[in-house]
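Written out below as structure tokens is the structure these notes cover.
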Amino acid sequence: MRLHRLDITAFGPFGGSQTVDFGALSAAGLFLLHGPTGAGKTSVLDAVCYALYGAVPGARQSGQGTTLRSDHAGTGTRTQVTLDLTVAGRRLEVTRLPPWERPKKRGTGTTLDKAQSLLREYDATAGAWKDLSRSHQEIGEEITQLLGMSREQFCQVVLLPQGDFARFLRADAEARGKLLGRLFDTHRFAEVEKRLAERRRATEARVREGDAALLADAHRMQQAAGDAMELPELAPGEPGLAQAVLTAAAVARTTAREQLTVARCRLTSAESAHADAEASLHRVREVARLQRRSAEARERAERLAERAGAHREAQARMERGRKAGTVAPALELREAADAAHRRAAAAEARARAVLPAEFADAGAAGLAAAARRAAEELGGLEPARRAERRLADVVAERAAADRQERADDDVLQEAEAWLAGWETTRPALQTRIDTAQEAAALAERLALRLEPARQRLAAARVRDSLAADTEEARRRALASAEAAARAKDHWLDLKEQRLNGIAAELAASLADGEPCAVCGATEHPAPARKVAGHVDREAEERALDDHQDAEERRARHERRLGAVREELAAATAEAGDTPTAQLADEAGELEAELARARRDASALHAARQELHRAEQERERRLTDRRQAELRATSRLAQRDGLEREKTALEAELAQARGAAETVAARAAQLERRAALLTEAADAARTAEDSAERLKDADGRLAEAAFRAGFDTPEAASVALLDDAAHRELQRRLDVRHTEEAAVRAVLAEADTAAAAGLPPADLTAAEAAEAAAGRRVREASSARDAADRRCAELDRLSARAATGMRRLAPLREEYDRVARLASLTAGTSADNERKMRLESYVLAARLEQVAAAATVRLRRMSSGRYTLVHSDDRAGRGRSGLGLHVVDAWTGRERDTATLSGGETFFASLALALGLADVVTDEAGGVRLDTLFIDEGFGSLDDQTLDEVLDVLDALRERDRSVGIVSHVADLRRRVHAQLEVVKSRSGSTVRLRGAG
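Position one of the sequence shown corresponds to residue 28 (this note's numbering), numbered consecutively onward.
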């Protein structure tokens, strides 16, 4: 990294615009930045840091950047810092504008403008600057990536603060660890320690959780074993808990199986006793049943003897009913004849009641003759009936003709009205058809124009997309070309370095007595030695491979750029230069016009159909008008004929109906009279016939009762049984017979008779004995089931505990391993003899590198007296790893850096700062730092030491570095010719460049 130019406006103590030409200062190699206290020497370095990282060193950073503004600046001047530098082979310009509270352009008061940033890169080919980014985040990431350092590292490596390193020399291990941790980013090792500790806690919690589950199973086994199991007195996580639980479970399972065997034996004995009790109970129950059966049979025999008289009466009643059954048909015949005679007499009385008085005493023959005369008169009225029906038809036809005449009048009026508007309706419909046809033709023309417009729009969109792709491809091609150039330069540099150091590479293969491949000598008194940074063949070949890879990427990106440009040219040729938005508007307008034309054209079919329907309606109405006129002509003749026929029919009907209103009424009178006379004649004949049949039935009934042995027909009727009484009496006789047979059968049984001779059975005692035996069986079975369940539960819990122990074994091993690693990295393990944490161990290695790099310069500054060494001894009861001692060559003793004098402390801290800069630079990826600043501390040196320190700084200049000394020591102004002076005044500070360029 090399600084070229710094422009400052309204920043810190600088009220106006100031320019620092680092290019001119760097040409001298060593330059002095001086000025009175408070003039703003450090502000120049703050401006460099702010330009690169958007922030000043930590102690001076506050707020949102508004405190960076100079109090001497005018209200209209905005704070701005611009830095021109070269880093990683790229010429960059960074511009930073912090937030600015400026006066409002309108009105009073102020408004806050946001911070702004700009990153530009110089294009040597084009000879102009090009913008890269305006994003704070992107610029910060780009600068950090190019420098390979954070802001804190930059402030320690490039802006060497001597006071901080003097404190570093005197600090304890903890303070050194904090500083080194920020510089070397060893946070990841602290994260490893943290992760291991968290993992140890997590695995320990899982082990405890597994042991707790195992102990919970042990408690369940103790409950299942009936508290006969002793639990181990161990807590979750303690060693041996799992094995103790499994041992106690094995003892509990053995005890439970012994109890199960005893319970099974007791159950077998109880089941045998219960079977004997059940057999005895069965025998007692059988004897008791037979004794009850014998007693019940004797009681039934006694009841049958008591009801013997009633049984004989029932048998006699059954015999009389059997004899009366032979008279039953005659009784039924007589009752039927009597009922028929009464019904016939009642019907004759009803029929005579509605006849005229002249027929009250007429017999059946007289009534029949009168009915025939009425029927003959009714037959003579049939022609008059037909005439009456024809008269009604004539009246109806006349009314229908009148209605048709009114309907035809309505049709004629409606047809005339519709046809009167036809001359205006048809032109209007034809106009609609013509308009729709014109719209259809327009739609076809617009469709032909729309497709090319859409194609041009699509091509324009492709053109815009390819324009962006072309810019991206051009940027990539340019970036790959620059990368290829840098790779080539790097390869050529390494090749040149290897050629410069080829003597050392050849000297490595020399052997005493063997001739040199260059000069042929066999003696090699002073072979060349490899210096630091020697380039070997492998490094050169790797650089060559990187160069070839970069060339391939450049060619690939250039081919891609050419292809995209060809596609862009094709799309531009098709779309032209018309903007995409304009083409989109034109296509949209065509689509809208086409939609309107198609919408208007869609009405063509409907208009044609409507015209066709109107023409059909016109033909129909013309036809209706002609038919109505024809019907009106024919109705005149029809009306005259109907009128003559009506007059003749009315005369004929007046003669036929007589006194009745109508012929139909006269016919109804005659029909009713003939029907009544016929009904009365039939009823009279039926009554005479039923009287004869009743007399014959009385004679037959008297004869049947005498033959059956009854004195009168009434006696036979009393003895007659109906079906229900006969069935009930027969059932009672059958039940008596069945009961007598059953009693005789029971009394004849041998078992029943033998049981009756035994003493009464004691059923209660036998049932009590059987219940007691059953209760003992159930108790023994419950005990056996409980023992069985206990064994099963213990087996299940034991198996689960064994499975849990096997599953927990890898976790316990993992916990032991993680715990050992966590203790080792935390410095608490007995294996970690120096009690050194992992982060401290890494920092100790870095500190050892820093001490070695610092010793090279410290020995020159101290004339070979002092050497810095790293110590990992423990300090008191603390942890070791970050000790720093100085070895005094004059005394040969090693002592703490805190014992150095003020001047010795300065050049020791300066050497430490330069060594730290080298190590951090290597750590950051080997970015070359061509500009360094050293802040204060030179006033504590004597002349000789100051000369030696300046010689060391001159050595830095010899390596093409420029070193800026920030100091107000007057002697330095004489020794260092290139100077940047900061002058302060009441209006703000200014800078002056002297002795440079």
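Yeah, the Cβ is synthetic: ideal placement off N, Cα and C, and Gly gets one too.
Sub-8 Å separation of residue i and residue j beta-carbons
i              : j             : result
alanine 283    : alanine 243   : no
alanine 849    : leucine 223   : yes
valine 804     : histidine 301 : yes
alanine 724    : valine 354    : no
arginine 32    : aspartate 111 : yes
arginine 640   : leucine 446   : no
alanine 500    : histidine 584 : yes
serine 234     : tyrosine 893  : As written in the sequence, residue 234 is valine, which differs from the serine given in the question. Not a contact, by the Cβ cut-off of 8 Å.
alanine 3      : glutamine 318 : Here the chain has residues from 28 to 1024 only, and residue 3 is not among them.
alanine 510    : leucine 588   : no
aspartate 1025 : leucine 268   : Absent from the model: residue 1025. The displayed extent of the chain is 28 to 1024, so no value can be given.
serine 507     : alanine 577   : yes
valine 770     : arginine 320  : no
proline 40     : serine 867    : no
leucine 358    : serine 744    : yes
glycine 942    : alanine 880   : yes
threonine 607  : alanine 494   : no
glutamate 220  : leucine 865   : yes
leucine 909    : leucine 895   : no
leucine 469    : alanine 634   : no
Limits of the beta strand (DSSP E) - the one that residue i falls within
i             : result
histidine 897 : 893-898
aspartate 843 : Counting along the chain, aspartate 843 falls outside any beta strand (DSSP E), though it belongs to the alpha helix (DSSP H) covering 790-853.
alanine 155   : 155-160
aspartate 41  : It should be pointed out that residue 41 corresponds to phenylalanine in this sequence rather than to aspartate. Counting along the chain, the beta strand (DSSP E) containing phenylalanine 41 begins and ends at 41-47.
glycine 253   : Per DSSP, glycine 253 belongs to no beta strand (DSSP E) and is neither H nor E.
alanine 37    : 29-38
leucine 1041  : Outside the shown range of the chain (28 to 1024) lies residue 1041, about which nothing can therefore be said.
Selection from the options that minimises the alpha carbon distance to residue i
i             : options                           : result
alanine 297   : Asp915, Ala810, Val877, Arg887    : Ala810
serine 160    : Ala153, Ser144, Leu173            : Ser144
glycine 56    : His1004, Val1009, Gly1015, Glu646 : His1004
alanine 374   : Arg817, Thr674, Asp709, Ala486    : Asp709
aspartate 520 : Ala486, Ala487, Ala566, Leu617    : Ala566
arginine 347  : Ala872, Glu498, Arg483, Ala732    : Ala732
leucine 146   : Gln249, Lys157, Arg712            : Lys157
arginine 425  : Arg662, Asp437, Glu820, Ser989    : Arg662
valine 422    : Lys673, Thr765, Val219, Ala828    : Lys673
glycine 65    : Arg1000, Leu999, Val993           : Val993
alanine 229   : Val845, Glu921, Leu851            : Val845
alanine 414   : Ala100, Ala681, Lys132, Ala878    : Ala681
Distance cut-off 7 Å: residue i Cβ against heavy atoms of the ligand ADP
i                : result
phenylalanine 58 : Within the structure as shown, the ligand ADP is missing, as the structure has no ligands at all.
The alpha helix (DSSP H) enclosing residue i, as first and last residue numbers
i                : result
threonine 274    : 268-333
serine 1035      : For residue 1035 there is no data in the structure shown, the boundaries of the chain being 28 and 1024.
phenylalanine 58 : Looking at the DSSP string, phenylalanine 58 is not in any alpha helix (DSSP H); the run it does join, the beta strand (DSSP E), is 57-61.
threonine 779    : 777-783
proline 259      : Taken as a continuous stretch (DSSP letters only), proline 259 belongs to no alpha helix (DSSP H), as it is neither H nor E.
glutamate 541    : Per DSSP, glutamate 541 belongs to no alpha helix (DSSP H) and is neither H nor E.
glycine 167      : 163-174
histidine 368    : 355-380
aspartate 998    : 997-1002
8 Å Cβ cutoff, residue i in contact with chain B
i           : result
serine 1014 : As a matter of chain content, chain B is missing from the structure shown, which is built from one protein chain.
Can we say the region 448-466 touches the region 564-582, given the rule of at least three CB pairs closer than 8 Å? no
Taking 8 Å as the threshold, find out whether the region 595-607 comes into contact with the region 462-471 through three or more Cβ pairs. no
List, from N- to C-terminal side, the alpha helix (DSSP H) runs of 4 residues or more that fit wholly inside the region 383-424. 391-406
If you scan the region 745-775 from start to end, which runs of the alpha helix (DSSP H) of 4 or more residues do you find wholly inside it? 750-774
Would the region 736-750 count as touching the region 315-328 if we require 3 or more Cβ pairs under 8 Å? no
Taking the runs of the beta strand (DSSP E) that are 3 residues or longer, which of them lie wholly in the region 647-713? none
Is it the case that the region 691-711 contacts the region 339-351, given that we only count it when at least three CB pairs across the two stretches are under 8 Å? With a cut-off of 8 Å, the region 691-711 and the region 339-351 do not count as touching, because too few Cβ pairs lie within range.
Quick check: the region 826-839 against the region 330-339, are at least 3 beta-carbon pairs closer than 8 Å? no
Do the region 1007-1020 and the region 43-53 meet, that is, are 3 or more Cβ pairs less than 8 Å apart? yes
Mind the definition here: the region 361-381 touches the region 714-722 only if three or more C-beta pairs lie below 8 Å; say whether that holds. yes
In the region 571-616, which residue ranges form an unbroken alpha helix (DSSP H) of at least 4 residues, counting only runs that do not cross its ends? Counting only runs that start and end inside the region 571-616, there is no alpha helix (DSSP H) element of at least 4 residues.
Touch test, the region 613-626 against the region 472-481, Cβ-Cβ under 8 Å, three pairs minimum: yes
Ranges of the beta strand (DSSP E) found wholly within the region 67-135, counting only runs of at least 3: 107-114, 117-124, 127-130
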